[in-house]
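The structure appears below as structure tokens.
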Amino acid sequence: MSELHKFLFDGMPVRGMIVRLTDAWQEILARRAANTTTGPYPAPVAELLGEMTAAATLMQSNIKFNGSLILQIFGDGPVKVAVAEVQADLGLRSTATMVGELPADARFPDMVNVQNKGRCAITLEPKGRVPGQQPYQGVVPLFGDDGQKLGKLSEVLQHYMLQSEQLDTTLVLAADDKVAAGLLIQRLPVKGEGNLEGTAGIDLNLANQDEIGRNEDYNRISILASTLTRDELLTLDVETILRRLFWEEKVLRFQPQVGALGPHFACNCSRERVAQMIRGLGVEEAEGILAERSDIEVGCDFCGKQYRFDAVDAAQIFRPPGNQLPGSPTVQ
């Protein structure tokens with residue numbers, strides 16, 4: 037089963053996490069492969085999306101937030117959009133949209149940052165958000181301070197965390213067709229929680245910023261973590277990884293999160309949400325689609341579920357509240 041492990045280094049302002057997505061990641065790939073319209077992801081896209089899903093799980097687990105964390109990349113290359121979403125209960129889903137052909141050996145910049153105009157966004161969507169309440173979102177480019185393209189997703193996210201939380205962060209990410217995994221090492225905030233939600237005060241931000249790169253304990257742990265190879269992250273169990281990397285350190289471990297309490301595939305699409313989307317198209321657009329075919333068919337990009345609305349269903353969508361007729365909820 038997929039698993040999440042959290043740990044601290046005794047007496048040091050350093051925390052860490054390791055996530056291994058197995059069954060959850062394989063289900064995402066299987067659902068995509070079963071889509072007769074798109075077919076499976078090319079290997080480089082699957083690797084990128086797996087790394088994003090592992091990273092989003094680590095970031096969601098790293099904050100106290102009752103809602104969903106959405107990691108998005110808006111690319112200027114063949115991969116136009118890639119999304120990984122993780123709920124507070126570690127239910128997760130991810131998808132990517134690409135246009136045109138992609139070389140089998142395509143690297144991160146080749147997929148999403150060809151013209152150096154790609155962007156990475158992290159959104160915190162509160163659960164039960166009330167009208168007028170805005171989610172928190174941070175957006176960064178896919179290049180560093182010197183304008184040079186960043187070669188890995190991990191480098192983009194490390195840069196983001198440094199800008200957003202003023203906290204030193206080390207990420208090691210890897211994915212193949214069986215496992216999506218990640219290791220996160222982070223210097224603890226000077227006091228209180230991190231400010232990914234934009235709630236920390238200026239003094240706290242400055243205090244954290246003053247510590248960037250100065251903590252010797254974090255620097256040592258970071259160097260050790262960075263020696264972890266892709267193959268090791270994908271093939272070794274968590275106990276072996278921690279022993280190999282930090283055998284000289286005193287690591288305090290929390291109870292692993294697995295099964296229903298751990299990372300698991302979950303999609304929150306629904307017929308009601310699709311109906312809202314159709315309502316947003318407007319009556320004329322909906323009627324135009326129905327004039328060309330017998331129904332409106334919408335597929336969920338995340339889980340592959342197909343929703344169909346015939347003319348009666350469509351009319352129901354645009355009826356005023358309180359004047360609804362029984363519909364024919366067709367789901368395939």
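Those letters in the sequence shown? Residues 37 to 368, per the numbering used here, in order. Note that beta-carbon positions come from the ideal geometry of N, C-alpha and C, so glycine has one too.
In the DSSP assignment, what residue or residues form a beta bridge with glycine 52?
Position 16 of the sequence shown, counting from 1, holds the residue named residue 52. BP columns for glycine 52 point to Phe43 and Ile221.
Nearest-angstrom Cα distance between leucine 260 and threonine 206?
As a first step, residue 260 is located in the sequence shown; it is residue number 224 there, counting from the start. As a first step, residue 206 is located in the sequence shown; it is residue number 170 there, counting from the start. Roughly 10 Å between the two C-alpha positions.
Burial state of tryptophan 283 (16 or more Cβ within 10 Å):
In the sequence shown, counting from the first residue as 1, residue 283 sits at position 247. Answer is exposed; the Cβ neighbour count stays below 16.
DSSP three-state call for leucine 264: helix, strand or coil?
Numbered from 1 along the sequence shown, position 228 holds the residue referred to as residue 264. Three-state DSSP puts leucine 264 in coil, outside helix and strand.
If I measure Cβ to Cβ from glycine 111 and keep anything under 6 Å in the same chain, skipping five residues before and after, which residues do I get?
Against the sequence shown, residue 111 aligns to sequence position 75. Only Val148 and Gly154 meet the Cβ criterion.
Contact between the stretch 124-138 and the stretch 292-310: three or more CB pairs below 8 Å?
yes
Along the chain, where does the beta strand (DSSP E) that runs through glycine 324 open and close?
Position 288 of the sequence shown, counting from 1, holds the residue named residue 324. Looking at the DSSP string, glycine 324 is not in any beta strand (DSSP E); the run it does join, the alpha helix (DSSP H), is 319-328.
Continuous beta strand (DSSP E) assignments of at least 3 residues falling wholly in the stretch 292-316
none
Within 10 angstroms of the Cβ of asparagine 98, are there 16 or more other Cβ atoms? Answer buried if so, exposed if not.
Residue numbering aside, residue 98 sits at position 62 when the sequence shown is read from its first letter. Under this definition asparagine 98 is a buried residue.
Close Cβ partners of glutamate 161 (< 7 Å) along its chain, the five nearest in sequence each way excluded
Start at 1 with the first residue of the sequence shown, and residue 161 comes out as number 125. If we look at glutamate 161 and ignore the five residues flanking it on each side, its Cβ neighbours are Gly103, Ser104, Ile106 and Pro171.
Reduced DSSP secondary structure (H/G/I, E/B, other) of threonine 72
Counted from its first residue, the sequence shown places residue 72 at position 36. Reduced to three states, the DSSP call for threonine 72 is coil.
Would you grab the beta carbon distance between threonine 93 and proline 299 for me? Rounded to a whole angstrom, and I think it's under 8 Å.
Here residue 93 refers to the residue found at position 57 when the sequence shown is read from its first residue. Here residue 299 refers to the residue found at position 263 when the sequence shown is read from its first residue. The pair is a contact, with the Cβ atoms about 5 Å apart (cut-off 8 Å).
In this structure, how does DSSP classify proline 114 when only helix, strand and coil are distinguished?
Along the sequence shown, one-based indexing puts residue 114 at 78. If DSSP states are grouped into helix, strand and coil, proline 114 belongs with coil.
Can alanine 79 and leucine 189 be called in contact, C-beta distance under 8 Å?
In the sequence shown, the residue the question calls residue 79 occupies position 43. In the sequence shown, the residue the question calls residue 189 occupies position 153. Their beta carbons are not under 8 Å apart, which means alanine 79 does not touch leucine 189 by this criterion.
Serine 38 (DSSP reduced to helix, strand or coil):
The residue given as residue 38 occupies position 2 in the sequence shown. Residue state, collapsed to three classes: coil.
Given a cut-off of 8 Å on the beta-carbon distance, is the pair aspartate 204 and alanine 82 in contact?
For the purposes of this step, residue 204 is identified with residue 168 of the sequence shown, where counting begins at 1. For the purposes of this step, residue 82 is identified with residue 46 of the sequence shown, where counting begins at 1. Against a cut-off of 8 Å, the Cβ pair of alanine 82 and aspartate 204 comes out as no contact.
Classification of glutamate 87 by the beta-carbon crowding that lies within 10 angstroms, buried from 16 upward
In the sequence shown, residue 87 corresponds to position 51, counting from 1. Per the 10 Å Cβ criterion, buried.
So, helix, strand or coil for glutamine 108, using DSSP?
The residue labelled residue 108 in the question sits at position 72 within the sequence shown. In this structure, glutamine 108 counts as strand in the three-state DSSP scheme.
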